[in-house]
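UniProt numbering puts the sequence shown at residues 1 to 332.
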Amino acid sequence: MEDHDDQSSVVPVHVVTQPSQLPSEFLEPSADRKLVIGFDCEGVDLCRNGSLCVMQARIAPTWVRLEFAFPDAVYLVDVIEGGRMLVEACKPALESSYITKVIHDCKRDSEALYYQFGIKLHRVMDTQTLNSYAMDCNDVAKGDSLYHGWTVGKAFGHPNPSVSYDEKGKVRDLLRKDPQFWTHRPMTDLMIRNAVDDVRFLLCVYHKMIEKLTQASLWHLEVRGSLYCQCFCINDDGFADWPSAPPIPDELTGQGDAPEAEILSVLQVPSGQMGRVIGRRGYFIKSIKESCNADIFIGDDNKGPPNMVFIIGPVKEVRKVEAIVRGRFMTP
Numbered sequence: 001m002e003d004h005d006d007q008s009s010v011v012p013v014h015v016v017t018q019p020s021q022l023p024s025e026f027l028e029p030s031a032d033r034k035l036v037i038g039f040d041c042e043g044v045d046l047c048r049n050g051s052l053c054v055m056q057a058r059i060a061p062t063w064v065r066l067e068f069a070f071p072d073a074v075y076l077v078d079v080i081e082g083g084r085m086l087v088e089a090c091k092p093a094l095e096s097s098y099i100t101k102v103i104h105d106c107k108r109d110s111e112a113l114y115y116q117f118g119i120k121l122h123r124v125m126d127t128q129t130l131n132s133y134a135m136d137c138n139d140v141a142k143g144d145s146l147y148h149g150w151t152v153g154k155a156f157g158h159p160n161p162s163v164s165y166d167e168k169g170k171v172r173d174l175l176r177k178d179p180q181f182w183t184h185r186p187m188t189d190l191m192i193r194n195a196v197d198d199v200r201f202l203l204c205v206y207h208k209m210i211e212k213l214t215q216a217s218l219w220h221l222e223v224r225g226s227l228y229c230q231c232f233c234i235n236d237d238g239f240a241d242w243p244s245a246p247p248i249p250d251e252l253t254g255q256g257d258a259p260e261a262e263i264l265s266v267l268q269v270p271s272g273q274m275g276r277v278i279g280r281r282g283y284f285i286k287s288i289k290e291s292c293n294a295d296i297f298i299g300d301d302n303k304g305p306p307n308m309v310f311i312i313g314p315v316k317e318v319r320k321v322e323a324i325v326r327g328r329f330m331t332p
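Okay, structure coming up:
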């Protein structure tokens, strides 16, 4: 099997301001030239109302035909310099089912792309879900995250990441002092190193874990990725304009332990009642998460959508959460 991680620590980096600087295989997705890319976004208060500043993509070919091969590299798509035209050139790739996007926590990235550029992020593998499988396989200790370079190095035998935790902390401090950090141009070496490090190991994580997953687990990853992308992107029609989540494969439906279909549900909480749903110091919402096999996300006033609870999981578990939450804010 091809070694997907031997060059993870040394890859070329390209700052992109024009579509012509991106591989044609990325700009023109094809069933004959499927890709798996590491992907992330940086911006100012990244959500529906924020500003997208940089899209990072580590792009590497996954097919054998050499005439289509191009060098493995990290592309920093500079939205500030390239503008809307550059982002729209990336839209076919970001919406394509032929390009798998490996992302850590895709919800806010997807929200920003949808509301700011009309892009419906599709075919996503979210490492937040992969992380739980890594723990099951004993590749990552409980409490660690595959997202962090140090943990990836520990789990998969990589050298240390180019950006230390101290340097990551420095960037967090700079962001607190200057929320416009990612808008400054030209990008500094510190900005570039941080942007690159966020996607540098994602393909390694994907390929290492994908070898160990069952068909049911792979389906679950695809479904969660699809529903996470939709999560904060609700409009008047709900999620009607989004691609449907992958159905349960026929090979799994006849099994005794076949997985249950998963859904995304959105509960509108009456104004002033969200505190009752969350509970003091988050106690109530934490207790729900511990007792139900579902993911629960809260829209906040700063990033939104406000007064909404988003629930993702098997149908029965989602209905259970709905009943508990409704009982909380309907109780006088």
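Virtual Cβ for every residue (Gly too), placed ideally from N, Cα, C.
Because the structure is a prediction, the values reported are computed rather than measured.
Candidates Ser265, Phe284, Gly82, Leu130: closest to Gln273 by CA position:
Sorting Ser265, Phe284, Gly82, Leu130 by C-alpha distance to the C-alpha of Gln273 places Phe284 at the top.
Under a Cβ-count criterion, where at least 16 other Cβ atoms within 10 Å of its own Cβ denotes burial, should Met330 be classed as buried or exposed?
Exposed is the call here.
Nearest to Leu121 (by Cα), restricted to the options Pro306, Ile324, Phe239, Ile312
Of Pro306, Ile324, Phe239, Ile312, the residue nearest in Cα terms is Phe239.
Three-state secondary structure (DSSP) at Met308?
Here DSSP, grouped into helix, strand and coil, assigns Met308 to strand.
Assuming contact is defined by CB atoms lying nearer than 7 Å, are residue 364 and Leu227 in contact in what I supplied?
Because the chain is modelled from 1 through 332, residue 364 falls outside the range shown and cannot be assessed.
Among Gln215, Val16, Pro270, which one has its Cα closest to the Cα of Ala89?
The residue with the shortest Cα to Cα distance from Ala89 is Val16.
From the DSSP output, in three-state form, read off Arg200 for me.
Here Arg200 sits in helix by DSSP.
Our contact map puts Ile103 next to Asp45 with C-beta atoms below 8 Å; I'd like the distance itself, whole angstroms only.
Wrong, their Cβ atoms sit about 19 Å apart, outside the cutoff.
Option nearest Val79 by Cα separation, candidates Ala258, Pro71, Leu52
Looking at Ala258, Pro71, Leu52, the one whose alpha-carbon comes closest to that of Val79 is Leu52.
Just to confirm, is the Cβ distance from Ala294 to Val318 under 7 Å?
Yes, these two residues count as a Cβ contact at 7 Å.
Which runs of the beta strand (DSSP E) at least 3 residues long sit entirely within the segment 34 to 105? Give them in chain order.
Taking only runs of at least 3 residues, the beta strand (DSSP E) segments lying wholly in the segment 34 to 105 are 35 to 44, 51 to 61, 73 to 78, 99 to 103.
Counting only the same chain and skipping the five closest in sequence on each side, list residues whose C-beta sits under 8 Å from that of Tyr114.
Result list for Tyr114: Arg48, Lys120, Leu121, Cys233, in chain order.
For Val140, three-class secondary structure by DSSP
Below a pLDDT of 50, predicted positions are generally treated as unreliable, and Val140, at 47, falls in that range; the measurement from the model is reported next regardless. Secondary structure of Val140 (DSSP, three-state): coil.
Counting C-beta neighbours from all protein chains within 10 Å, is the total for Ser291 16 or more, i.e. buried, or is it exposed?
Counting of Cβ neighbours within 10 angstroms places Ser291 among the exposed residues, the total staying below 16.
Could you compute how far the alpha carbon of Pro92 sits from the alpha carbon of Gly327?
Within the model, the alpha-carbon separation for Pro92 versus Gly327 is close to 43 Å.
If you drop the 5 nearest sequence neighbours on each side, which residues of the same chain put their C-beta closer than 7 Å to that of Val321?
Ile288, Cys292, Ala294, Ile296, Ile311, listed in sequence order.
N- and C-terminal bounds of the alpha helix (DSSP H) containing Thr181:
Inspection of the sequence shows that residue 181 is occupied by Phe rather than by Thr. Note, Phe181: premise wrong, no alpha helix (DSSP H); not H, not E.
Locate the beta strand (DSSP E) running through Ser226, then write down its first and last residues.
Per DSSP, Ser226 belongs to no beta strand (DSSP E); it is in the alpha helix (DSSP H), 215 to 230.
Helix, strand or coil: which one does DSSP assign to Ile278?
For Ile278, the three-state secondary structure derived from DSSP is helix.
Rounding to the nearest angstrom, what Cα-Cα distance links Gly304 and Gln116 in this structure?
If you take the alpha carbons of Gly304 and Gln116, they lie about 15 Å apart.
Are the CB atoms of Arg58 and Gly83 nearer to each other than 7 Å?
No; because the gap between Cβ atoms is not below 7 Å, this pair is not in contact.
Please classify Asn235 as buried or exposed, where buried requires at least 16 neighbouring CB atoms within 10 angstroms.
Flag for Asn235 reads exposed.
Taking only the alpha-carbon atoms, compute the straight-line gap between Arg280 and Val309 and give it to the nearest angstrom.
Distance between Arg280 and Val309, taken at the CA atoms: about 17 Å.
In terms of residues, what are the limits of the beta strand (DSSP E) holding Met125?
Per DSSP, the continuous beta strand (DSSP E) segment holding Met125 begins and ends at 124 to 126.
Taking a contact to mean a Cβ-Cβ separation below 7 Å, would you say Leu174 touches Phe181 in this structure?
Yes, Cβ-Cβ distance for Leu174 and Phe181 is below 7 Å.
Spatial distance of Lys316 from Ala261 (CA atoms):
Straight-line spacing of the CA atoms in Lys316 and Ala261 works out to 9 Å.
Going by Cα to Cα distance, which pick from Lys208, Ile192, Gly313 is closest to Ala245?
Nearest C-alpha to Ala245 among Lys208, Ile192, Gly313: Gly313.
Give me, in chain order, the residues of the same chain whose beta-carbon lies closer than 6 Å to that of Met55; leave out the 5 immediate sequence neighbours on both sides.
Cys41, Val77.
What is the DSSP secondary structure of Asp295, reduced to helix, strand or coil?
Reduced to three states, the DSSP call for Asp295 is strand.
In angstroms with no decimal places, state the Cα-to-Cα distance between Asp72 and Val325.
Going by the C-alpha atoms only, they are around 47 Å apart.
Starting from Glu111, follow its DSSP beta bridges and name the residues at the other end.
According to DSSP, which records beta bridges pairwise, Glu111 is partnered with nothing at all.
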